[in-house]
Amino acid sequence: MVPSAPRGSSTGPTPLPPPPSWWARCVSPAPCRALRRTNVNAAQSWIVVADEATATGLVEVARTLGTEVVAVVAGRRAVAEALAGTVDRVLWLGEPGTAPVEAFAPVVARLVAEAAPRAVVGATTPGGRALLGAVGAALRSPVLAGVERVELAGDDVVVTRSVLGGISRHRTAVTGGPAVLAVDAGAVVTAPATGSAPVEEVAATPLAAQVVEVRPTTVAGVDLGAARVVVGVGRGLKAREDVALIRGLAGALGGEVACSRPLAEGVDWLPKDRYIGISGQRVSPELYVAVGISGQLQHMVGVREAKVIVAVNSDKAAPVFAQCDYGIVGDLYQVVPALTAALGGTA
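Reading the sequence shown from the start, the letters are residues 37 to 383 in the numbering used here.
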């Protein structure tokens, strides 16, 4: 369908439809949307790095898209040197100092635009998004965020990414010029060091912007993302002091305690950094135990990468039972102490 002319403009002959090279293509087995790009150097893929700890993990993603991987680093030299053992070329722009990392965006965009690689890969972090956005604008290429998987289908880059806060996944085929991809942390795998590329210093003058103040946030909790076992609790719990039951089970399993949103932002029984869900933390433990959690989509999105999910709920019709591997229908005040005792813990 050809869009109509905007209001206030004159209409002439009906325009021709776009050429077939612009039409959306579907990549088997799942349907996808296609985005048009321009010509590229198909042998290269680039990594754009601010100062992320996941920098070396982006290499494996880039390797699937090009035989030569080039990294451009706007951050500490230590990050550039760590990448030197895993990529073919490293361009180091220097340390930002008092300038925010996005001050290097025009320089990064120019370097990438000159090379026109098949893809530009970065992390879904504040600095990474700022740099990738500038690159996408310079190349007139779309920036795809929330990337979970990338693959090649002929000359197309096919991207699987989460949208709507993780509620849905889309497959998109990018055809032609550079694909600019912001990769989620869960999609990266640390690449082994296989060589030693020289770190090339590139003269770069950042924009005249400075960080005038930094106010660190004190986090009292732990990194749930690193936990092998997580026990989550929801509104099935009746009182604040009953959180001790959940801590007992988590301790017996060698895990951490988490919760659904109401317990962190409603009754404040647990800190906000323990909340799992769309706007909270996302975890990928070996085992996730959902206690007194109904299983609404807003929460389950945060645990979808768990290897095994066990649910405890007194309502046999609770949605969580359709999304777990093992389910126990029963009163958590009876089930949790029994499980804790069976594991050798103290309820």
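The beta-carbon is built from N, C-alpha and C at its ideal position, and this holds for glycine as well.
What do you reckon, are the CB atoms on residue i and residue j nearer than 9 angstroms?
i, j, result
"V179", "L217", "yes"
"P298", "G338", "no"
"V156", "V143", "no"
"V199", "V210", "no"
"V319", "V293", "no"
"G111", "G163", "yes"
"L260", "D309", "yes"
"R154", "A245", "no"
"G268", "C295", "yes"
"G291", "L323", "yes"
"V115", "V108", "no"
"A159", "V219", "yes"
"A79", "E104", "yes"
"G182", "R197", "yes"
"L127", "V238", "yes"
"L289", "L379", "yes"
"V250", "R113", "no"
"A233", "R125", "yes"
"R205", "E184", "yes"
"L368", "S350", "yes"
May I ask you to report which of helix, strand or coil DSSP gives residue i?
i, result
"P355", "helix"
"V143", "helix"
"P153", "strand"
"G44", "Residue placement at G44 is flagged as unreliable, the pLDDT there being 34, under the threshold of 50; the coordinate-derived value follows with that caveat. G44: coil per DSSP, three-state reduction."
"R340", "coil"
"N158", "Here residue 158 is Gly; the residue named in the question, Asn, does not match the sequence. DSSP places G158 in strand when its eight states are reduced to three."
"W59", "Unreliable positioning characterises W59 in this predicted model, as indicated by a pLDDT of 30, which lies under 50. The coordinate reading is nonetheless provided below. Reduced to three states, the DSSP call for W59 is coil."
"G133", "coil"
"L375", "helix"
"V279", "helix"
"R251", "coil"
"L285", "helix"
"V303", "coil"
"L127", "strand"
"A79", "strand"
"V238", "coil"
"G270", "coil"
"G380", "coil"
"Q370", "helix"
"A166", "helix"
"V265", "strand"
"V348", "strand"
"V365", "strand"
"V148", "helix"
"P49", "Annotation note: pLDDT 35 at P49 (below 50); position unreliable, no value reported."
For my contact list, residue i and residue j are in at a C-beta cut-off of 8 angstroms; report their separation, rounded to the angstrom.
i, j, result
"V106", "V123", "7 angstroms"
"V348", "V327", "5 angstroms"
"A145", "A120", "Actually they are not in contact, since the Cβ atoms of A145 and A120 sit about 23 angstroms apart, beyond 8 angstroms."
"V346", "V365", "Wrong, their Cβ atoms sit about 12 angstroms apart, outside the cutoff."
"F140", "A240", "6 angstroms"
"W82", "A151", "7 angstroms"
"P321", "A342", "5 angstroms"
Would you say residue i faces chain C, with C-beta separation under 9 angstroms as the test?
i, result
"E249", "Of the protein chains in the structure, only one exists, and it is not chain C."
Check whether the stretch 129-144 and the stretch 89-103 are in contact - that is, three or more C-beta pairs closer than 8 angstroms.
Flag = no, the stretch 129-144 and the stretch 89-103 do not touch.
Whether or not the stretch 364-378 and the stretch 278-288 are in contact is what I'm after, with contact meaning three or more pairs of Cβ atoms, one per stretch, closer than 8 angstroms; do they touch?
Yes, since at least three Cβ pairs between the stretch 278-288 and the stretch 364-378 fall closer than 8 angstroms, the two stretches touch.
Please give me, in chain order, every unbroken run of the alpha helix (DSSP H) with length at least 4 that falls completely inside the stretch 306-336.
Every unbroken stretch of the alpha helix (DSSP H) spanning 4 or more residues and falling wholly within the stretch 306-336 is given here in chain order: 333-336.
Starting from the N-terminal side, write out each stretch of the beta strand (DSSP E) that is 3 residues or longer and does not extend beyond the stretch 81-123.
Qualifying beta strand (DSSP E) stretches, in chain order: 104-109.
Mind pulling the beta strand (DSSP E) runs of 3 or more residues that sit fully within the stretch 168-225?
Within the stretch 168-225, the runs of beta strand (DSSP E) that reach at least 3 residues and sit entirely inside it are, in chain order, 179-189, 192-199, 204-211, 215-219.
Decide if the stretch 301-308 is in contact with the stretch 353-365; the criterion is three or more beta carbon pairs, one per stretch, under 8 angstroms apart.
For the pair of segments examined, the stretch 301-308 was found not to touch the stretch 353-365: the number of CB pairs separated by less than 8 angstroms stays below three.
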